[in-house]
Amino acid sequence: MVFLALRHLLARKKQTALIMLGIFIGTAGYVVISSMILGVQDFMRDSIIENDAHIRISAREEPVTPESIRTELFDANEFVRWRILPTGRRGHAHIQHAQGWFDRLQANPDVLAYTPNLITQVIFRRGSTTHSGTLIGTDPIRQVRITAIEDNIIEGSFLDIGHSGNRIVLGDGLLEKLGARVTETVLISVGKGEPEPFKIVGTFHIGIPQFDDTMAYGALGDVQKINRTPSRITDIAVRLVHPENAGNIAATWKSIAVERIRTWEDINEQILSAFKVQDAMRYIVTVAILIVAAFGIYNVLTIVITQKQREISILRSIGFDSGDILRLFLFQGWLMGAVGGLLGLGAGFLLCIYLGSVQFYPENVAMKGYLPFSFDPSIYLVGFCLAFSAAVIASILPARHASRLTPIDILRQGME
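Right under this line is the structure:
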């Protein structure tokens, strides 16, 4: 059976080679595209997990409503009629019972660390250059247990923000936009308040623009002072022992809390949604390539069956039944799919290793200038299954047609 299948395929070497080349390219392309996309996704996911809280407990926005104003300013039996309904938001949202949360988190075995934060939107100014951004007030000693910020410092020290005086650490993208350097001073203002000078004591690079281009850290007390909210916090950043359990833990906390509870997946929902689109696109591209290869297999087997009708007749005459003929031509398709798929996997693997060693961008860009590639075994398993499945499906119709041919049918076609 194997000998006959190989003989049929080798009888038309060019066509067989071209079809296997199509499967080879499709499989190798799937491996490279999938490895690169999953590598970038893993890098982004790891960066998010390592550089932000796994769960963030935030103060809820308190909108001003007619009912809330009536309750605070009037007696229950007084009738109140509004000419203009009051709207808006209360001055500063903050966590009102922070100590209760601290006690709860301290006693929770799933919590690795936590720290209070005051997060506010500010304007950074250096000379005539201004830029908006996010200023996070934190306890630096606790913060380094929540995120990998200290590991991402490229100049200075994160812990220096804890020293006396207004000190901040900026993302390198924000530092560049301001045209500033470490040891220089920038002015920071909140809303319409007077700007306060802050000394830059360090800069960090995470590799994600939403962090590097807009974010700065300062000591909690300094940020509370510039925000005019002494002793208040807006968030509690929590790091878990197992980040994958964030959803279940957050769901439990939501049932007993008035604060807003968000996991790292909730906060980065748009990024994670983009991952799903990328996954869909890589499958669409690969399937399109393999469909072309599958049509090639179909055409080759159809031509082989047409040209080998005399041999099929002889095989049927010496005892081959329809099942044997079916398996003979199915095996030819399987063989092309298996060999082309395996060669494609090997080529894709080697190409990923090579591309992963090439520095495409400057070292200070995300991922140190190198493209990240994932070598997850599932990529290669799925790639081979796609290639082999395309070959199997493409072989079914020609093989069934060949199995239905009888010596009498072949003789009749020859006489015609």
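Each step along the sequence shown adds one to the number in this note's numbering, with nothing skipped, and position 343 is 1189. Just so you know, even glycine gets a beta-carbon here, dropped at the ideal spot from N, CA and C.
- With 16 or more other Cβ atoms inside 10 Å of its own Cβ, W947 counts as buried.
- One thing to note: R1106 has its Cβ within 7 Å of the Cβ of R906.
- In this structure, the CA atom of F1221 is about 18 Å from the CA atom of I871.
- Nearest to I1137 by alpha-carbon distance, out of A1236, V1087, I1052, is A1236.
- In the DSSP assignment, P962 is bridged to I1082.
- Each residue's CA atom was taken as its position, placing E1022 and F1050 some 12 Å apart.
- A distance below 7 Å separates the beta carbons of G1048 and S1003.
- Take the alpha-carbon of Q952 and the one of T1132: they are about 50 Å apart.
- About 6 Å separates the CB atoms of L1147 and F1175; that is less than 8 Å, so the two are in contact.
- For the pair of segments examined, the segment 964–984 was found not to touch the segment 877–897: the number of CB pairs separated by less than 8 Å stays below three.
- The Cβ neighbour count for C1231, taken over all protein chains shown within 10 Å, is under 16; the residue is labelled exposed.
- Residue state for V1032 is assigned as strand, using DSSP reduced to three classes.
- Taking each of P1218, F1195, L1191 in turn and checking the Cα distance to V1204, the smallest one comes out for P1218.
- Excluding residues up to 5 positions away in sequence, G1142, I1143, V1146, M1182 lie with their Cβ nearer than 6 Å to the Cβ of I865 in the same chain.
- Non-local C-beta neighbours of I992 in its own chain, meaning closer than 8 Å and more than five positions away in sequence, comprise A899, A959, Y960, T961, A1083, V1084, R1085, ordered along the chain.
- As computed with DSSP, Y1063 is found in a beta bridge with I982, V1015.
- Classified as buried, Y1063 has 16 or more neighbouring CB atoms from the shown chains inside 10 Å of its CB.
- Inter-residue distance for V1032 and G1025 is about 10 Å (C-alpha atoms, whole angstroms).
- In the structure shown, S1119 falls within a helical segment according to DSSP collapsed to helix, strand and coil.
- Residue pairing from DSSP places H977 in a beta bridge opposite F970.
- In the DSSP assignment, S904 is bridged to D1081, R1106.
- Shown here, I999 sits in a strand according to DSSP, grouped into three states.
- Around the Cβ of G979, a 10 Å sphere holds 16 or more other Cβ atoms; the residue is buried.
- By the CB criterion at 7 Å, I1151 and P1055 fall outside the cutoff.
- Contact between G1187 and A1233 is confirmed by a C-beta separation of about 3 Å, below the 8 Å threshold.
- Judged by DSSP in its simplified three-state form, I930 adopts coil rather than helix or strand.
- Taking a 10 Å sphere around the C-beta of M1061, we find 16 or more other C-beta atoms and assign the residue as buried.
- Given a length threshold of 3 residues, the segment 1187–1238 has no whole run of the beta strand (DSSP E) inside it.
- Within the same chain, R902 come within 6 Å of R1108 by CB-CB distance, once the 5 residues on both sides are set aside.
- When E1030, E1115, Q967, I1149 are compared, the shortest CA-CA separation from I1072 is found for Q967.
- Straight-line spacing of the CA atoms in G1093 and K1100 works out to 10 Å.
- Of all alpha-carbon atoms in D1059, D921, Y1129, the one lying nearest the alpha-carbon of I883 is that of Y1129.
- Spatial neighbours of L981 in its own chain (CB-CB distance under 7 Å, excluding positions within 5 residues in sequence) are listed in chain order as T966, V968, I1034, A1062, G1064, V1069.
- The residues P962, L964, G983, T984, D985, in chain order, have a CB closer than 7 Å to that of L1066 in the same chain once the five nearest residues on each side in sequence are set aside.
- Excluding residues up to 5 positions away in sequence, G1017, D1018, G1019, L1020, F1050, H1051, I1052 lie with their Cβ nearer than 8 Å to the Cβ of D1058 in the same chain.
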